[in-house]
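Colleague: Counted from 1, the sequence shown has number 133 at position 126 by this note's numbering; the numbering is strictly sequential.
All residues carry an ideal CB built from backbone N, CA and C; glycine is no exception.
Predicted model only: the values in this text are computed from it and were never measured.
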Amino acid sequence: MPNNRLIDMQHRAFRFFQDHTNLNPGSPGYGLTADSTARPTVASIAATGFMLSSLVIGASQGYISDDAALLITRHTLETLFERVPHRYGFFAHYLDIERATRHRMCEYSTIDTALCLNGVITAASYFNNDVIHDLADRLFARVEWQRLFHDMQGRKMLYMSYNPDKGGAYVTDEPGFIHQWDMFAEQLMIYVMIGAGPYQQDAKALYDGFTRQKGSYKDITYLYSPGNALFVYQFPLAWLDLADWLDADGISWFDNARKAILAHQALSVDLMDDYRTFSPCRFGFNASDTPRGYRVFGGLPNHHHTFETDGTVAPFSMVGALPFLPELALTTIEDMAGIPGLYKQYGFMDAFNFEDGHWISNKIIAIDKGLEMLMVNAVLSKDVYRAYMAHPLIQKGMATLGWTRTNKEE
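#1: Taking just the CA atoms, how far does GLY354 sit from MET279?
#2: Could you name each continuous alpha helix (DSSP H) segment of 4 residues or more that falls completely within the segment 316-370, going from the start of the chain to the end?
#3: Closer than 6 angstroms: is that where the CB of GLN208 sits relative to any heavy atom of the ligand NAP?
#4: Cβ atoms of TYR115 and TYR169: under 7 angstroms apart, would you say?
#5: Compute the beta-carbon to beta-carbon distance between SER132 and ALA397, rounded to the nearest angstrom, for a pair I have assumed lies under 8 angstroms.
#6: Going by beta carbon distance, what residues of the same chain come within less than 7 angstroms of MET159, once the five residues before and after it are set aside?
#7: Quick one: Cα of MET164 to Cα of ILE79, how far?
#8: Just to confirm the assignment, what range does the alpha helix (DSSP H) spanning TYR198 have?
#9: So, with DSSP's three-state summary, where would you put ILE401?
#10: What first and last residue would you give for the alpha helix (DSSP H) that runs through ASP262?
#11: Between which two residues does the alpha helix (DSSP H) containing LEU249 stretch?
#12: Could you give the uninterrupted runs of the alpha helix (DSSP H) lying entirely in the segment 14-58, keeping only those of 4 residues or more?
#13: How is GLY108 classed by DSSP in three states: helix, strand or coil?
#14: I need the DSSP call for GLN187, collapsed to helix, strand or coil.
#15: If you draw a straight line from the alpha carbon of GLU417 to that of LEU381, how long is it in whole angstroms?
#16: Tell me whether the beta-carbon of ILE374 lies closer than 7 angstroms to the beta-carbon of ALA41.
#17: Assign ASN11 to one of three DSSP states: helix, strand, or coil.
#18: Return the CA-CA distance between PHE97 and ILE346, expressed in angstroms with no decimal places.
#19: Between ALA264 and PHE217, which are expected to be in contact by the criterion C-beta below 8 angstroms, what is the C-beta distance as a whole number of angstroms?
#20: Using 10 angstroms around the beta-carbon of HIS311, count the other beta-carbons present and answer buried if the total reaches 16, otherwise exposed.
#21: Between THR284, LEU337 and PHE290, which has its C-alpha nearest GLY364's C-alpha?
#22: Grouping DSSP H, G and I as helix and E and B as strand, with all else coil, what is ILE372?
#23: Taking the alpha-carbon positions, what's the PHE304 to THR297 distance?
#24: List the endpoints of the continuous beta strand (DSSP E) containing GLY305.
#25: Could you tell me the distance, in whole angstroms, from the CA atom of ALA336 to the CA atom of MET325?
#26: Which of the three DSSP states, helix, strand or coil, is assigned to GLY409?
#27: Check this for me: beta carbons of VAL320 and ARG289, under 7 angstroms apart or not?
#28: With respect to the beta strand (DSSP E) encompassing PHE156, which residues constitute its N-terminal and C-terminal limits?
#29: Mind checking who GLN220 pairs with in its DSSP beta bridge?
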């Protein structure tokens, strides 16, 4: 799908990751990527996974030389293996970008570790380099997934995160393991990763163990997450190319994401009289910057049985629709590109809201920009999809879960 706008968006997003990653030789935090432009000294381990994936795009598209991309990849993996704090192989969510030390008392996060490992796997698959392959294998093997396993009401579950500090992030009582993945959300790749290791039987039981809640908005029926923020459907499928895949129960996570996007659009259109920011091209209930700071909004249905929004729209909601609804996504992208002040140095700013004036976020949040970049690449050239899906760990994990391809042809 050659498209000048998309090509420009991809290149600008690549530049964001180059400009907001610590690439200072000799720095303990080499390769760590800032959480956002508003927090340039705080790195996000998930953002670093997007950065590693950006190097595959950059090398494939000629934005950076193969040698330069390989060098950044190698030294970033060294940082991850040798210096970034971890517990049982799970990285601290946030880090000092220069020192690679844990930021305050943040949690050691399963999902953010998985997003980082997505980048590690993508880079290891793309770059034919023994040192990178060895570091990636060691990072992956170090993760003690079994530490997360527990039973809850007869179902096998994964804990979400770990925090050893009383009063630390997400600790409500005693320190230790926190919450569990008992519902459908953005964690699909975690089961694939577990299925690639020594706990294959556990992987299938864990995957089968989370609740699949089906509901409808109007005539659109799909499996929804409890909060129903749009990003949960899109993030795992920024690496997992599941357009032609079904799980053992016949579920298409690709088709489910497509339906979720349409449901979010339908609700936004229905609320146009109440929120003037919304339109058929400006929709979605998501986690993003807002006029009152970072907020997480959800569409319908959800476990609260009511929507929550202040009318804020995040461009990555629509850009993230590209693989699922390309014509709709392209229309929305061109519509948003015409909004004064929204499309700038690194592409779209994080969000906009016209309920009380003309508010446009002054921030870029790295994981939101990363999602845009990967979804654009997914329809332009599939550099990341091809690399990630070709990795033996991903192929083994998907086979373990019983996922099957419906279309055997490339």
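Modeller: With the structure as the only source:
#1: 26 angstroms
#2: 322-326 and 333-344
#3: What this structure holds is no ligand at all, so the ligand NAP is not there to describe.
#4: yes
#5: 5 angstroms
#6: GLN187 and ASP189
#7: 36 angstroms
#8: Its alpha helix (DSSP H) spans residues 195-202.
#9: ILE401 falls in the helix class under three-state DSSP.
#10: 260-277
#11: From DSSP, LEU249 is part of no alpha helix (DSSP H); its letter is neither H nor E.
#12: Taking 4 residues as the minimum length, the segment 14-58 contains no alpha helix (DSSP H) run wholly inside it.
#13: According to the sequence displayed, residue 108 carries Thr and not Gly. It is coil, neither helix nor strand.
#14: strand
#15: Any answer about GLU417 is weak, because its pLDDT of 47 lies below 50 and its placement is not dependable; what the coordinates show is given next. For GLU417 and LEU381, the distance between alpha carbons rounds to 20 angstroms.
#16: no
#17: Judged by DSSP in its simplified three-state form, ASN11 adopts helix.
#18: 41 angstroms
#19: With a Cβ gap of about 16 angstroms, ALA264 and PHE217 do not count as contacting.
#20: exposed
#21: Looking at THR284, LEU337 and PHE290, the one whose alpha-carbon comes closest to that of GLY364 is THR284.
#22: strand
#23: 10 angstroms
#24: Where GLY305 is concerned, there is no enclosing beta strand (DSSP E), given that its DSSP letter is neither H nor E.
#25: Approximately 6 angstroms between the Cα atoms of the pair.
#26: coil
#27: The answer is yes: Cβ separation under 7 angstroms.
#28: 156-159
#29: TYR231
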